[in-house]
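Right, one structure below, let's go through it.
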Amino acid sequence: MKQLLANPVLVKEIKLRFRSLKSFTGILFYLIAMCIFVFGFIMLTTSFTGTGYFRPEESFFMFAMLTYIQLGLILFITPGLTAGAISSEREKQTLNILLTTAQTSFQIIFGKLTSSIAFLLLLVVAGLPIYSLVFLFGGVSPGQLGIIFLFFFLTMLAIGGIGIMYSTIIRKTIVAMIATYGTMIFFTAVTGFIYLVITGMNSMAAGTLASSPIAHFFASINPVVLMLTLISPGSDSFITESTKVDIPIWIGYAIFYICITILSIIIAVKKLRVNMKRTR
Amino acid sequence: MIEIKGLTKKYGSFYALNDLNLTLEEGTVFGFVGANGAGKSTTFSILATLLQPTSGDAFVNGKSVKTDAHEVRKQIGYMPDFFGVYDQLKANEYLDFYGASYGISEKEREVLIPQLLELVNLSHKRYDYVDLLSRGMKQRLCLARSLIHDPKVLILDEPASGLDPRARVEMRDILRQLKGMGKTILISSHILPELAEMCDEIGVIDGGRLIAHGSVADIQAQLAGEKQITVRLKGLLENAVNFFEEDPFVSKVEIAAEKNAITFAYRGTEEDQIDLLRKALDQSLKIISFSETETDLEDVFMEITKGVK
Ligand SMILES: Nc1ncnc2c1ncn2[C@@H]1O[C@H](COP(=O)(O)OP(=O)(O)OP(=O)(O)O)[C@@H](O)[C@H]1O
Ligand SMILES: [Mg+2]
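Chains as they are written, first to last, in this note's numbering: chain P, 1 to 280; chain C, 1001 to 1309.
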């Protein structure tokens, strides 16, 4: 473990990231936005009820909103952080030197991925104190939050892995960035749409609902659906009903994204040095 | 130390390198000359394990760049022709990062980095951001970087390009020091005289083929027997031209009218040359001076690469 974390690329990237003012202002603005949202929400609800009393259901709603804000943050920032990891070094002409050092391809890819994940974790953890307000008002258990954070982490890893993979196999950062965002949007929006289309056709075609594992699969790999089932357990009953597959969403999600992460990293490591032609 | 065997690199149907063979002993300073696009950088990239050859193989200290790339990387220090630096990193941190990349411990790095900066005369820039250094300073820093793991072999692709004359001399001094440490050094350049001063061996590459290889003297000897002679005259140059052109050892007679002189290439022996001058005087040509010009290496280079396509 210590060996892994003594990764030169990781150390350097973290040093550079925290040296730039951008990172700090980024975190700052994110936290300010979160605070405005939370306090605004509390003020609004308390003044509406006029009692000055904040009820658990409202606290729960705030929890759900916060979770989706964090999810959105992860989905949108991870591609930006990772899609340039290798290709920007290629563009800055620092990659060739890096590749002639004694570091293995895995070390380089691992260092790039973990440095991005570390920054994302910091962002998410910085939001924790705001979450604690939710606990103060009740309605949510810390264990639930733990599980949600675990899945945040998996989502970061998977999208980060995809970003680094594109960054390795695609020459230009811009193109890699577009590909990563495209893939992310496919997972969060298109999968949901496909699920709706398949179940919709099924229910129209026959009065009796046939079981549809494909529709269930597409619902399972959708982060928005997953978060819904994690925020309020039992809410996935509509998916079980419409697809007639009774496997919890999170299982499919975990398996799928762990595979994606591993696959992306393997491809990135294999392609890092093969692709070395000089840019013209 | 370096062994290149039948190295070929094709881009489509274009041969960037065509069956290149080269063997260098340990401690040799090898100068690689060639025109633009001759294949110097391609050769060096393959040696630096950045490019896969289409066929053939190269060995550094017995390790193949194809099958043993990781071992090769530990043995070589590579300086590319074009390279970038990370912004927001200071000179000492820059070296520190690459030191760590070679698995050098932090303690050793702390000792090593000031020494390297001293070697390339950048001690005063130790805490400056690398992207703000001048081009020549970056180049020197990159050289220091390529030395950080004490490699046996240095592969320097045009290390002197973009350096001012003073920095060139300094670079040459540094390389001399490194040669003194017993390192095998490969340097590429377009400029033969510059290499000749510090290299033991010279290779000339053209169109992806090694067309000449040997000591500096050898290369010059390839043109031996042919001297450049300049004759300054008073009066009619045409008569003189006619006279010299008749001589069997003379070729390429040219008039340099503005200097009142003619130049030609001469292949005869010294005896023949004495004869030629006597005859010329007998012809009552009004000769002011008759002199050999040193064939400079530039001409050697032009001569060797000429007509090879
Ligand atoms: N990726 C590539 N695709 C196609 N052709 C290439 C590629 N890289 C290099 N070449 C060609 O290979 C040939 C050799 O290039 P190389 O860079 O080795 O020349 P060089 O001797 O270093 O020239 P210079 O003195 O200009 O640096 C050139 O004709 C170049 O156009
Ligand atoms: Mg070149």
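Think of the CB as a built atom: it goes at the ideal place given N, C-alpha and C, for glycine as much as any other residue.
Check	Outcome
Could you spell out where the beta strand (DSSP E) holding GLN1228(C) opens and where it closes?	1227–1233
Going along the stretch 90–104 of chain P in order, which residues come within less than 8 Å of chain C, judged by CB to CB distance?	LYS92, GLN93, THR94, ASN96, ILE97, LEU98, LEU99, THR100, THR101, ALA102, GLN103, THR104
Using a Cβ-Cβ cut-off of 9 Å, state whether ALA1069(C) counts as contacting chain P.	yes
Tell me which residues of the stretch 10–32 of chain P have at least one Cβ-Cβ distance to chain C shorter than 9 Å, keeping chain order.	VAL11, LYS12, LYS15, LEU16, ARG19, SER20
Hey, ASP1157(C) and PHE1030(C): beta-carbon distance below 9 Å or not?	no
Check each candidate in LEU196(P), PHE193(P), ILE194(P), ALA158(P) and name the one with the smallest Cα separation from THR180(P).	ALA158(P)
Leaving out five residues on either side along the sequence, give the residues of the same chain with a beta carbon under 7 Å from the beta carbon of ASN1061(C).	MET1001, GLN1075, LYS1152
Under the three-state reduction of DSSP, which class applies to VAL1060(C): helix, strand or coil?	strand
Please list, in chain order, all residues with a C-beta atom less than 7 Å from at least one heavy atom of ligand 2.	LYS1040(C), SER1041(C), ASP1081(C), ASP1157(C), GLU1158(C), SER1188(C)
Quick one: Cα of GLY1034(C) to Cα of ILE1155(C), how far?	16 Å
Just to confirm, does ALA1058(C) get its C-beta within under 8 Å of one of the non-hydrogen atoms of ligand 1?	no
Between LEU16(P) and SER115(P), what straight-line distance do the alpha-carbon atoms span, to the nearest angstrom?	10 Å
Going along the chain, which unbroken runs of the alpha helix (DSSP H) with 4 or more residues stay wholly within the stretch 130–174 of chain P?	142–169
Could one say the Cβ of PRO248(P) lies closer than 9 Å to chain C's Cβ atoms, at least one of them?	no
How many angstroms separate the CA atom of PHE102(P) from the CA atom of PRO1159(C)?	Strictly speaking, residue 102(P) in this sequence is Ala, with Phe absent from that position. Approximately 22 Å, taken between the alpha carbons.
Taking only beta-carbon positions, decide if GLU1108(C) is within less than 9 Å of chain P.	no
With a threshold of 9 Å between beta-carbons, can ALA1048(C) be considered close to chain P, or not?	yes
Using a threshold of 8 Å, is the CB atom of TYR1078(C) nearer than that to any non-hydrogen atom of ligand 1?	no
Does the beta carbon of VAL274(P) come closer than 9 Å to any beta carbon on chain C?	yes
State the beta-bridge partners of THR1293(C) as determined by DSSP.	GLN1228(C)
Mind checking ILE32(P): buried by the 16 CB within 10 Å criterion, or exposed?	exposed
Consult DSSP for ILE231(P) and reduce its assignment to one of helix, strand or coil.	helix
Step through the CB atoms of chain P and report whether any lies within less than 9 Å of the CB of VAL1085(C).	yes
Does at least one heavy atom of ligand 1 sit under 8 Å from the Cβ of TYR1011(C)?	yes
Give the residues of chain P in contact with PHE1059(C), contact being defined as C-beta atoms less than 8 Å apart.	Chain P residues near PHE1059(C): none, gap ~17 Å exceeds 8 Å.
What does the alpha-carbon distance come out to for the pair ARG278(P) and ILE14(P)?	Residue confidence is low: ARG278(P) scores 38 on pLDDT, short of 50, so the model does not pin down where it sits. No coordinate-derived value is stated.
From PRO1080(C) to LEU1147(C), what distance separates their C-alpha atoms?	13 Å
Starting from the beta carbon of PRO8(P), find every residue of chain C whose beta carbon is closer than 7 Å, and list them in chain order.	PHE1097, ALA1100, SER1101
Under 9 Å between beta-carbons, which chain P residues line up against LEU1089(C)? List them in chain order, please.	LYS12, LYS15, LEU16, ARG19
Closest to VAL267(P) by C-alpha separation, out of GLN144(P), PHE110(P), VAL224(P), TYR131(P), would be which residue?	Sequence inspection shows Ile at residue 267(P); the Val mentioned does not correspond to that position. Checked all of GLN144(P), PHE110(P), VAL224(P), TYR131(P); the closest Cα to ILE267(P) is PHE110(P).
Where does LEU1122(C) fall in DSSP's three states?	coil
Taking the Cβ atom as the reference point for each residue, do GLY1084(C) and THR94(P) lie within a distance shorter than 9 Å?	yes
What's the call for THR1184(C), buried or exposed, on a 16-neighbour Cβ count within 10 Å?	buried
Hey, GLN1099(C) and LEU1112(C): beta-carbon distance below 9 Å or not?	The residue asked about is misnamed: residue 1099(C) is Gly in this sequence, not Gln. Their beta carbons are under 9 Å apart, which means GLY1099(C) touches LEU1112(C) by this criterion.
Would you please state the rounded distance, in angstroms, between the beta carbons of LEU1050(C) and ASN7(P)? I believe it to be under 8 Å.	Not really, about 22 Å apart at Cβ, beyond 8 Å.
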